[in-house]
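Protein chains: 2
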Amino acid sequence: MPHPILVVGSVALDDIRTPFGAVQEAFGGSATHFALAARFFAPVRLVAVVGTDLDPAHLAGLRARGIDTGGVEIADGKTFRWGGEYGFDLNARATLFTHLNVFEGFDPRVPDAFRRSPYVFLGNIHPALQERVLQQVEPPCFVALDTMNLWIETARDALLAVLPRVDLLVLNDSEARELAGEPNLVRAGRRLLELGPTSVVIKKGEHGALLLREGDIFASPALPIEDVCDPTGAGDAFAGGVLGTLAASTEPIHVALRQAIAMGTVIASFAVQDFGTRGLDKVTPSGIEQRLRELRLLTQFGSSPSLEATRAR
Amino acid sequence: MPHPILVVGSVALDDIRTPFGAVQEAFGGSATHFALAARFFAPVRLVAVVGTDLDPAHLAGLRARGIDTGGVEIADGKTFRWGGEYGFDLNARATLFTHLNVFEGFDPRVPDAFRRSPYVFLGNIHPALQERVLQQVEPPCFVALDTMNLWIETARDALLAVLPRVDLLVLNDSEARELAGEPNLVRAGRRLLELGPTSVVIKKGEHGALLLREGDIFASPALPIEDVCDPTGAGDAFAGGVLGTLAASTEPIHVALRQAIAMGTVIASFAVQDFGTRGLDKVTPSGIEQRLRELRLLTQFGSSPSLEATRAR
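Protein sequences appear in the order of chains C and E. The numbering used here applies: residue -18 is where the first sequence begins, and numbers increase by one. The numbering used here applies: residue -18 is where the second sequence begins, and numbers increase by one.
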């Protein structure tokens, strides 16, 4: 039986424009994308805050997908809104607006029923809030944490304070270089391990992901997706695939983590193919299986007979 | 027996500064790095031009490593000189000076003894010169071509004219996007295939390489090298590993190409660990074997039992 996962993060309404179209007030946020990905593998418990303006159909949609919304507080005010625009190169994103609204006063409260969650995902919120969540859960639990450049720059001490309690740090490549103060990505990953987490996953978008652990390193390319439509939330969907796989695994952690990164890669490949959370709605077990097979084939090469030539020369 | 490889490109003296040190008048150039990498796998024949100022020890060094310098013209004047500086982030490079000298009037002449070369590497020179080399070699031969943003921008027609005669196009990711006019790298690769070559290899530096063929795609991460010292020439060393492996292989091309990219990745990992061509001097058969093993392990993941969980949900 897969273990339950507690996720704490943002729930938002996103305005997104890419060269391939636009959506307004799409249901999103880090916790939403994570939950909608992780739920394929394990029970998911959501702690977040929304405003009274949120269409109840959104939360009902989460519940219909098996996500426990018992930790979603409905606060007086408006739901967090974010607007972003991607250029022709989907790697570059401009934030058009950020209206924190009720998210500004977010003080995550973990319901009693959620306190024993063997897996915890601390979505990208202020590290002091991430710390406060950890004070409310019962150990032992496997803790994964995502962060961003904003907190690295403005709340570095709080971030460094919470990292020793983290098992798996998830961040993107520019954040890894910035937090470690080291441009070589492998060295940056090693430095991050010294800050507390036993595993670090560095997300590289179209270039895949790197997993670093003491004495081990794993690299996954991204799947070659030609119709990337909207990368919003792909990193959280990736993390959802990773944590979901870990929570459902009975393998030793070093084996499970590689499988988990592969699964996160597969889930993220679905996520980017449509706007908002729509890509995740198209995930099927057979689709997962096929892309896992593709991912495995993608990096396979035979043993090289040219080595014999080398030896002969 | 490995087949001979003809390489045509630049031979230069490089001034290189990186945060890890500096060298002056280091023996370099695209053809040099390529030849010193390919020679581990197959006989290499070099066509290039140098000035009368070049220390004869450099060419003697190539010959001592089994490279046939019979196509190196010694012209009146000075050898091509290039100066570059890398920042703390080795991905960004500033060119300090480019003195073409005798390279400016380079008109490659392929000696009779080189005309039957089953493998040809057209290093990064003007596409009209690359075309002129092809007019001098006897088909059939497997032709690989490298190019750069300068030619894509200033000699696009000449480049498009030579591409139909090319089997393998080798270029880096920004060049691939620019030549294809397409930011999605996979789609860019597919468009480049439409321009003539049957295979395209996109070099992504620290993120590895992508191989695209009709109906097939292969991704190799870079090896996790923590002590990257000087990336100059790494792309040419990569290509040398690729062509060398192909020239030594008896496998079908689609199998050989994957092995070749893996080998190019391994050779490039040695190349970046020292200045100029010094890294390549440290390549040994056992070193190659170990890094090939590391590369294979780097992307391996077990079959995921969490799929069962997915199915059950």
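Glycine residues also receive a C-beta, built at the ideal position from the N, C-alpha and C atoms.
Check: Listing by chain order, which chain E residues have their CB less than 7 Å from the CB of C:Thr280?
Finding: Ala200, Ser201, Thr280
Check: CB-CB under 6 Å to C:Ala109, same chain, minus the five flanking residues each way: which ones, in chain order?
Finding: Counting only Cβ-Cβ distances below 6 Å, and skipping sequence neighbours, we find Ala139.
Margin query: Beta-carbon within less than 7 Å of C:Arg292's beta-carbon, same chain only, minus the 5 sequence neighbours each way: which residues are those?
Written below: Interpretation of C:Arg292 is limited by its pLDDT of 49, a score under 50 that renders its predicted location unreliable; the figure taken from the coordinates is listed afterwards. Counting only Cβ-Cβ distances below 7 Å, and skipping sequence neighbours, we find nothing.
Item checked: Member of C:Thr258, C:Gln271, C:Glu85 whose CA lies at the smallest distance from the CA of C:Ala16 -> If we check each option's Cα against that of C:Ala16, C:Thr258 comes out closest.
Notebook entry, point to check: Does C:Ile248 have its Cβ less than 8 Å from a Cβ in chain E?
Noted result: Chain E, which has no Cβ nearer than 8 Å to the Cβ of C:Ile248, makes this no.
Notebook entry, point to check: Taking the alpha helix (DSSP H) that C:Gln254 falls in, what are its first and last residues?
Noted result: Unbroken run through C:Gln254: none, as it is neither H nor E.
Note to self: Which of the three DSSP states is assigned to C:Gln281 in this structure?
What the structure shows: coil
Check: Just the Cα atoms here: how many angstroms apart are C:Leu(-13) and C:Val101?
Finding: 5 Å
Notebook entry, point to check: In or out: C:Asp272 buried (at least 16 other Cβ within 10 Å) or exposed?
Noted result: The sequence given here has Arg at residue 272 of chain C, not Asp. Flag for C:Arg272 reads buried.
Check: Are E:Ala218 and E:Ala190 touching if we call contact CB-CB under 8 Å?
Finding: Going by C-beta atoms, E:Ala218 is not nearer than 8 Å to E:Ala190.
Check: Which one of C:Met244, C:Thr226, C:Asp57 has the shortest CA to CA distance from C:Leu204?
Finding: C:Met244
Check: What span of residues does the alpha helix (DSSP H) with C:Ala73 cover, start to end?
Finding: Here C:Ala73 belongs to no alpha helix (DSSP H), and DSSP marks it neither H nor E.
Margin query: Tell me the DSSP secondary structure of E:Asn165 in three-state form.
Written below: coil
Notebook entry, point to check: Are the Cβ atoms of C:Gly9 and C:Thr213 separated by less than 8 Å?
Noted result: Yes. Within cutoff.
Notebook entry, point to check: Taking Cβ to Cβ, would you say C:Ala12 is nearer than 8 Å to C:Gly162?
Noted result: no
Check: Got a sec: which bits of the segment 172 to 202 of chain C sit with their beta carbon under 8 Å from any beta carbon on chain E, in order along the chain?
Finding: Listed in chain order, the positions of the segment 172 to 202 of chain C with a beta carbon within less than 8 Å of a beta carbon of chain E are Lys185, Glu187, His188, Gly189, Leu191, Ile198, Phe199, Ala200, Ser201, Pro202.
Next item on the list: May I have the straight-line CA-CA distance separating E:Gly283 from E:His107, to the nearest angstrom?
Entry: 47 Å
Next item on the list: Evaluate the contact criterion for the segment 128 to 138 of chain E versus the segment 163 to 183 of chain E: three or more CB pairs, one atom per stretch, below 8 Å.
Entry: Verdict: no, contact absent.
Item checked: Test: C:Glu159 CB closer than 8 Å to a CB of chain E -> no
Note to self: Cβ closer than 7 Å: which chain C residues qualify as neighbours of E:Asn165?
What the structure shows: Glu207, Val209
Margin query: To the nearest angstrom, how far is the alpha carbon of E:Gly52 from that of E:Lys263?
Written below: When rounded, the distance between both Cα atoms is 26 Å.
Margin query: If I measure Cβ to Cβ from E:Asn82 and keep anything under 8 Å in the same chain, skipping five residues before and after, which residues do I get?
Written below: Leaving aside the five residues that flank E:Asn82 on each side, the residues in its chain whose CB is nearer than 8 Å to its CB run, in chain order, Gly32, Gly58, Lys59, Thr60, Phe61, Arg62.
Next item on the list: Rank C:Met(-18), C:Val28, C:Glu6 by C-alpha distance to the C-alpha of C:Val(-11) and give the top, closest one.
Entry: C:Val28
Notebook entry, point to check: Do you know offhand how far E:Arg274's Cα is from E:Thr280's?
Noted result: 11 Å
Notebook entry, point to check: Can you list the residues of chain E that C:Phe69 reaches, using a CB-CB cut of under 7 Å?
Noted result: Pro164
Check: Do you know whose CA, among C:Ala136, C:Pro99, C:Leu77, C:Ala75, lies nearest C:Gln336's CA?
Finding: Summary: the structure shown does not reach residue 336 of chain C, with chain C confined to residues -18 through 294, and so no result is reported for it.
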